[in-house]
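Residue numbering for the sequence shown follows the working numbering, starting at 170 and increasing by one per position. Quick notes on the structure that follows.
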Amino acid sequence: MTAFNWIWTTYFMAVASLSGNCIELTNVALLKPAEQSSTKLGDFGGAHKAVDGNMNTHISHCTHTADDSVPRWWRVDLLERFYVHAVELTNRGDCCSQRLGNFDVEVSAQNPLVANSTLRHVCAHQDTSIPQGATVRLDCTQPISGRHVRVLLYKDDVLTLCEVKVLASPLSTAPVTSGLFRRLPRSKASGDVIGEVMVASVTKCATACVTEPRCTAANIGPPAAPSVMQRACELVSYGGIGQDNSFTAADDWQCLLMTA
């Protein structure tokens, strides 16, 4: 392949990814930090067993909570935001398959144990139990931007997971037009400004917001000068994602309000 053809092939794949096709999904949970509501069997049933890459379904290779309050939960920190498309879960294979049912898979930008509940989004719900030793893929209704993925078991039973894979794509595959943001012309969000960067486009400002875990909106100013492409991008944190919090009128500005 010539350099010219390689450039156009790369360009075509990038455009296809942004339009929702040919997006390569990878397991971004592998060996990432994990925790759970409790651990009954000490390190033997530790939360890390679900992201160690070992697909063995014997209980010695799986997580195991204690009999704590409902919902019992397991969580992985992806260490940065990704666009989460689906989650694969593998059930215990040597016993007790009925336990893994009636649960939610939740994605959030911030730690769900400390963040406002409006910052959490349900990717999928599984009502029936997963067969013994089986792996199921649960697709999100729509891709969700987030850093933390949590499984919440609503039945009064032990939560056991033998492997969890979070299938995601980089934030670069989530342009403003994909529904990640709602654009509000001639306005500014009035939350706490947690950072400011100079950008050359609305997309660059949106990308800066989704890569900052605390950002839920971005204010984009006018060009610094008629001959200058760069403009101010204020990263704002307030309330909950998708909420219509306070805004101020600003003729030369526009606000990008995160909706997912």
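Every residue, glycine too, gets a C-beta built ideally from N, C-alpha and C.
Looking at the backbone, the Cα of A377 and that of E332 are separated by about 32 Å.
When the beta-carbon positions are compared, S207 and T232 stay at least 8 Å from each other.
Out of A278, S238, L258, the CA that lies nearest to the CA of E249 is found in A278.
In the structure shown, the three-state DSSP call for V327 is coil. Here the C-alpha atom of T372 lies approximately 15 Å from the C-alpha atom of E381.
From the listed residues V274, V379, A419, the smallest Cα separation to S406 is found for V379. Distance between L321 and E403, taken at the CA atoms: about 35 Å. The DSSP-derived three-state label of I228 is helix. The C-beta distance from Q295 to G270 rounds to 6 Å, short enough to meet the 8 Å contact threshold. Contact between R351 and L258 is ruled out by a C-beta separation of about 32 Å, above the 8 Å threshold.
The straight-line gap separating the alpha-carbon atoms of W422 and V283 is approximately 32 Å. Per DSSP, reduced to three states, the secondary structure at A375 is helical. Shown here, H233 sits in coil according to DSSP, grouped into three states, outside any helix or strand. Given a length threshold of 3 residues, each whole run of the beta strand (DSSP E) inside the segment 189 to 221 is given here in chain order: 203 to 205. Burial is judged here by how many other beta carbons sit within 10 angstroms of a residue's own beta carbon; V291 has fewer than 16 and is exposed. If you ignore the 5 residues before and after S338, its C-beta comes within less than 8 Å of the C-beta of S186, I192, E193, L194, T195, F251, Y252, H254, P312, all in its own chain and listed in chain order.
Distances from the alpha-carbon of G302 to those of G390, T385, W242, T226 put T226 closest.
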